[in-house]
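Colleague: In this note's numbering, the protein residues as written are 12 to 238.
C-beta: ideal position from N, C-alpha, C; glycine also.
If you're wondering where the values come from, they're calculated on a predicted model, not measured in any experiment.
1) Got a sec, what are the start and stop residues for the alpha helix (DSSP H) residue 132 sits in?
2) Who are residue 49's beta bridge partners in DSSP?
3) Which complete alpha helix (DSSP H) runs does the segment 153 to 221 hold, if anything under 4 residues is left out?
4) Could you round the C-beta distance between residue 59 and residue 178 to whole angstroms and report it? I think they count as a contact, below 8 Å.
5) Determine the direct distance from the alpha carbon of residue 128 to that of residue 114, and round the result to whole angstroms.
6) At which residues does the beta strand (DSSP E) containing residue 84 begin and terminate?
7) Rounded to whole angstroms, how far is the Cβ of residue 75 from the Cβ of residue 102, which I believe are closer than 8 Å?
8) May I have the straight-line CA-CA distance separating residue 143 from residue 48, to the nearest angstrom?
9) Taking the C-alpha atoms as reference points, what is the distance between residue 93 and residue 185?
10) Have a look at residue 157 and residue 77 and give me their C-alpha separation to the nearest angstrom.
11) Determine the burial state of residue 84: buried for a count of at least 16 other Cβ atoms within 10 Å of its Cβ, exposed for fewer.
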């Protein structure tokens, strides 16, 4: 039996495995620095590099604890992968219920609690029609100033989700879109940005704090949202 073809095939597979491992390690090293330029925006900012592809940053911003969590979504065959960034403001918000606003859902948003919330309501006037709005208590929704602040946020084309709970606020927005060639040829989620621009993040932090402030004052009239 001629074992040469088998040996060549095995060597070829080994070479491919080594190349894949090298590429994965190089990508991991690039990802590890993704949030480094943003640490200057935070007091006591700590970057944690764990088992996920991207690190997490947690620190104080304007006296509040903020967590940054980048993650990749590549679950839709006909759509390029997205690098999302969840920006979460922790602590009491003034909200009396959980409200989730998800833009253009595709059914693969594993990070969103939208599917588990019991009540779906129509988007209020001024909100885009493609927003899916869900909550756990339709009688305890935000007042007029907060609804206006949400409407302003929803004008941002890269915004994916707004999550409001009594204990935290979270915005999820698209930090980057995958390279078409790398995804179509190799089904790999490759992104151009190795580091997140601090100025760009600062704009989203401003929007998050503005929403937090809008949730706090008591509005003279409540705008009723109906299922």
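Modeller: So, to answer that:
1) For the purposes of this step, residue 132 is identified with residue 121 of the chain shown, where counting begins at 1. Looking at the DSSP string, residue 132 is not in any alpha helix (DSSP H); the run it does join, the beta strand (DSSP E), is 130 to 132.
2) Stepping through the chain shown from its first residue, residue 49 is reached at position 38. In the DSSP assignment, residue 49 forms no beta bridge with any residue.
3) If only complete runs of 4 or more residues are kept, the segment 153 to 221 shows the alpha helix (DSSP H) at 155 to 164, 191 to 197, in order along the chain.
4) Within the chain shown, numbered from 1, the residue matching residue 59 stands at position 48. Within the chain shown, numbered from 1, the residue matching residue 178 stands at position 167. In fact, because the Cβ distance is near 21 Å, the residues do not count as touching under 8 Å.
5) Walking along the chain shown from the start, residue 114 turns up at place 103. Walking along the chain shown from the start, residue 128 turns up at place 117. When rounded, the distance between both Cα atoms is 15 Å.
6) The residue labelled residue 84 in the question sits at position 73 within the chain shown. Where residue 84 is concerned, the enclosing beta strand (DSSP E) starts and stops at 75 to 84.
7) Against the chain shown, residue 75 aligns to sequence position 64. Against the chain shown, residue 102 aligns to sequence position 91. About 6 Å separates the two Cβ atoms, so the contact holds.
8) Mapped onto the chain shown, residue 143 falls at position 132. Mapped onto the chain shown, residue 48 falls at position 37. C-alpha separation (whole angstroms): 34 Å.
9) By 1-based counting over the chain shown, the position of residue 93 is 82. By 1-based counting over the chain shown, the position of residue 185 is 174. So the alpha carbons of these two residues sit roughly 7 Å apart.
10) By 1-based counting over the chain shown, the position of residue 157 is 146. By 1-based counting over the chain shown, the position of residue 77 is 66. Cα to Cα, residue 157 sits roughly 20 Å from residue 77.
11) Numbered from 1 along the chain shown, position 73 holds the residue referred to as residue 84. Burial call: buried.
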